[in-house]
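The numbering of the sequence shown is the numbering used here, which starts it at 137 and goes up by one. First up is the structure itself, then whatever we jot down about it.
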Amino acid sequence: MSDTNVKRKRPVRVATPRRVEFSRIRNLRAFEEIADQIRKELSDRRLRAGDRLPPERVLAEQFGVSRNTLREALRSLENAGLLRLQKGATGGAFVRESTGDAIITGLRDMFHLGAIQPEHLTEARVMIESIAVRTACERATAEDIEALNGNIAAAERAVRDKIDFYDQAAIHLEFHRILARATKNPVMVIVMDALIDVMQHFIRAIGQKRNPWVIPSRRRFMKQFEAGDADGAVEEMEQHLERLNRHYLSLMKEKDRTEAAGE
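Here you go:
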C-alpha cells in the first residue's frame, strides 16, 4: 500500500498562552501577587479559556518563587473558578471555561456564615425573578415555552407518583432556571443558579412541608406568559413567591421555636 493511501492523523493541538510574560515577585504575600499577575493576563485576554499555563518549573523561575508558593497561588485561582488543575503526563494548569461556580459557592458560603439572612434571600428572589420574567416574556422561544410546560408536567407526575419531597422541590426550582435561560442573558442565568443553589440548602435546613398551590400558580403564570402579558406574568410570579416566602419563613420560625424548647 502506498503512502498516499494512508490517512495521516492530524496532530492534537494544545492551546498555549499568547506571549504571556510574568515578572519576579517581591511581595511577602507572594502567592497573592502571583494570582494577581495571572488575573491580569486573563483580563488582557493574553490568557483565554482552554489555554495551558507554562509548566510549574518554568512558572516558578519566572516568578522567582518556590514551587510550593506557586502551587498555593494556583490552588487559590482554582478555588476561584479561574483555573483547572489536572494531574498526570498531560496535566497542568488550564484556564477554565467561564462558569458561575465561584459566584454560586461564594453566595452559598455567605448564607451558611450568616452574612445573608433568609429574609435577604427570599426578598432578592422576588426582585430578580420579576426582572427575569419580564425579559423572558419578550425573548422566550417556542422551545423555552415547551420546556416550561414540560417542567410543569413533570411536577404533576411527581405529585401523582408521590416521589421524594426534595426531588419535587428540585423540579419546581428548575422551572426558575428555565425562565432565566429564556432571558438569553448569561449573567441572569448565573445569578439565578446561585439563588436556586442557596434556596435548596435553605429548604433542606427548614424541613419539608408540602403545599398545594405551586402547580395551579404555574398554570396561571403560563397562561399570561404565553399570551405575552408581561405585567400579568410578573404579578402572578410575585404573588406566588411572596406567598411561598411567607411559608418558608414561618417554617423556619417554627423550627427555631422547637429547637429552643429542646423538643
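Every residue, glycine too, gets a C-beta built ideally from N, C-alpha and C.
To the nearest whole angstrom, what separates the beta carbons of ILE161 and ILE170, a pair I think is in contact under 8 Å?
For ILE161 against ILE170, the beta-carbon gap comes to about 6 Å, under 8 Å, which counts as contact.
Go ahead and pull the three-state DSSP assignment for PHE125.
The requested residue 125 is not part of the displayed model; the chain covers only 137 to 399.
Tell me the rounded alpha-carbon separation between PHE158 and HIS248.
Between the alpha carbons of PHE158 and HIS248 lies a distance of about 37 Å.
Please name the residue, chosen from GLU214, GLU279, LEU315 and HIS337, that lies closest to MET328 on a Cα-to-Cα basis.
Comparing alpha carbon positions, the residue from GLU214, GLU279, LEU315 and HIS337 closest to MET328 is LEU315.
Looking at the secondary structure, which residues open and close the alpha helix (DSSP H) in which GLN198 lies?
Here the alpha helix (DSSP H) through GLN198 covers 192–199.
With distances taken from CA atoms, which of ALA305, ALA278 and GLU208 is nearest ALA290?
Of the candidates ALA305, ALA278 and GLU208, the one whose C-alpha sits nearest the C-alpha of ALA290 is ALA305.
What are the uninterrupted segments assigned as alpha helix (DSSP H) that are 4 or more residues long and contained completely in the stretch 301–376, given in chain order?
Within the stretch 301–376, complete alpha helix (DSSP H) segments of at least 4 residues are found at 301–318, 322–342 and 350–362, given in chain order.
Going along the chain, which residues of its own chain have a beta-carbon closer than 8 Å to the beta-carbon of PRO147, five neighbours each way excluded?
The pLDDT assigned to PRO147 is 49, lower than 50, so where the model puts this residue is not dependable; a value taken from the coordinates is nonetheless given after this. Contacts found: none.
Between LEU218 and VAL231, is the Cβ-Cβ spacing less than 9 Å?
Yes, they are a contact pair.
Considering only their Cβ atoms, is the gap separating ARG354 from ILE252 smaller than 9 Å?
No. Outside cutoff.
Helix, strand or coil for LYS391? Go by DSSP, reduced to three states.
Of the three classes helix, strand and coil, the one that applies to LYS391 here is helix, per DSSP.
If contact is defined by three or more beta carbon pairs under 8 Å, each pair taking one atom from either stretch, is the stretch 254–261 in contact with the stretch 375–386?
With contact defined as three or more Cβ pairs closer than 8 Å, the stretch 375–386 and the stretch 254–261 are in contact.
Is the number of C-beta pairs between the stretch 365–372 and the stretch 264–271 that are closer than 8 Å three or more?
Taking a cut-off of 8 Å on C-beta distances, the stretch 365–372 touches the stretch 264–271, as three or more cross pairs fall below it.
Anticipated Cβ contact below 8 Å, ALA318 with ASP365, distance rounded:
Incorrect: roughly 15 Å between the Cβ atoms, too far for contact.
Residues near ALA127 by beta carbon distance below 6 Å, same chain, minus five either side:
Absent from the structure is residue 127, since the part of the chain shown begins at 137 and ends at 399.
Per DSSP, what are the beta-bridge partners of GLN82 in this structure?
There is simply no residue 82 to check, as the chain begins at 137 and stops at 399 in what is shown.
Going by DSSP, name the residue or residues bridged to ARG188.
PHE230, per the DSSP bridge assignment.
Per DSSP, what kind of secondary structure is MET137 in: helix, strand or coil?
Any answer about MET137 is weak, because its pLDDT of 49 lies below 50 and its placement is not dependable; what the coordinates show is given next. Here MET137 sits in coil by DSSP.
For the ligand NAP, is there a heavy atom less than 8 Å away from the beta-carbon of GLU372?
No copy of the ligand NAP occurs in the structure displayed, which carries no ligand at all.
Hey, how far is the Cα of PRO322 from the Cα of VAL194?
Distance between the alpha carbons of PRO322 and VAL194 is about 36 Å.
Near ALA185, which residues of its chain fall below 6 Å by C-beta distance, leaving aside the five closest residues on each side in sequence?
Here the set comprises VAL231 and GLU233.
Exposure of GLN360, with buried meaning 16 or more beta-carbon neighbours within 10 Å:
Classification for GLN360: buried.
Ordered along the chain, which non-local residues of its own chain (more than five positions away) have a Cβ less than 6 Å from that of HIS376?
Answer for HIS376: SER353, listed in chain order.
Using the C-alpha atoms, what's the distance from ARG393 back to PHE167?
Rounded to the nearest angstrom, the gap between the Cα atoms of PHE167 and ARG393 is 46 Å.
THR271: first and last residue of the uninterrupted alpha helix (DSSP H) it sits in
Per DSSP, THR271 belongs to the alpha helix (DSSP H) from 254–275.
For HIS312 and THR277, the rounded distance between their alpha carbons:
Going by the C-alpha atoms only, they are around 16 Å apart.
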